[in-house]
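Here the protein sequences line up with chains A and B, keeping their order.
Residue numbering for the first sequence follows numbering that gives the first Met the number 0, starting at 0 and increasing by one per position.
Residue numbering for the second sequence follows numbering that gives the first Met the number 0, starting at 0 and increasing by one per position.
All C-beta atoms, glycine included, are put in the ideal place defined by N, C-alpha and C.
Protein chains: 2
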Amino acid sequence: MTHSVFFKLSYPKNSLEEKLFFEAVDTLITIPDIVNFQCVNQTSMKNDFDYGIIMEFNTQKDYEYYANHPLHSHFVQNHWIPSVEKFMELDYETIN
Amino acid sequence: MTHSVFFKLSYPKNSLEEKLFFEAVDTLITIPDIVNFQCVNQTSMKNDFDYGIIMEFNTQKDYEYYANHPLHSHFVQNHWIPSVEKFMELDYETIN
Chain A
0 MTHSVFFKLS YPKNSLEEKL FFEAVDTLIT IPDIVNFQCV NQTSMKNDFD YGIIMEFNTQ
60 KDYEYYANHP LHSHFVQNHW IPSVEKFMEL DYETIN
Chain B
0 MTHSVFFKLS YPKNSLEEKL FFEAVDTLIT IPDIVNFQCV NQTSMKNDFD YGIIMEFNTQ
60 KDYEYYANHP LHSHFVQNHW IPSVEKFMEL DYETIN
């Protein structure tokens, strides 16, 4: 399954705060069993989001391990909540 | 770049109308230069969308060729507009 979140930061584009936020995002990659972790620029004018974080997991259990991992909880409390103005989560699996 | 749209249909799940809608979606695959076309089940409870269509293009020009292609226009007029209750488009590119 793919877990993704699209978001808008409360900081100006190219600011130091934005740079530090993405450095914190990078710490998440060390959590085991994440596949194809990527940060993206969201470019459609038809929504309000500037960025996305997209990652895959081979099993639901791997996703739950990530979601409950202390590094993830620390990131959410100390970086995500203070930095993100608006967001939307999307999880999906290919239809066979 | 990746082009994606997440949506909710105005038909019941597993209805004939839904099946016919996805058959119409499948006609889009014949438009040239689409890469990794996939239909997905959207599984997060944190948004209202049930499905997504995700595809990649090697260039912006390839995307515009798809967006302006008669098969795409026909699909939008005859299947998308009558069938989709709510949707959101997201386009993105990996940050290097």
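Problem set entry | Contacting residues, own chain, Cβ-Cβ under 7 Å from residue 2(A) (five flanking each side not counted) | 54, 56, 62, 90
Problem set entry | Closer than 8 Å to chain B by CB, residue 55(A) | no
Problem set entry | Extent of the continuous alpha helix (DSSP H) to which residue 15(A) belongs | 15-26
Exercise. Do residue 47(A) and residue 12(A) have their CB atoms nearer than 8 Å?
Worked result: no
For this session: Using the Cα positions of residue 24(B) and residue 15(A), report the straight-line distance between them to the nearest angstrom.
Result: 43 Å
Exercise. Which value, in whole angstroms, describes the spacing of the CA atoms of residue 9(A) and residue 82(A)?
Worked result: 6 Å
Exercise. What is the rounded straight-line gap between the Cα of residue 50(B) and the Cα of residue 78(A)?
Worked result: 30 Å
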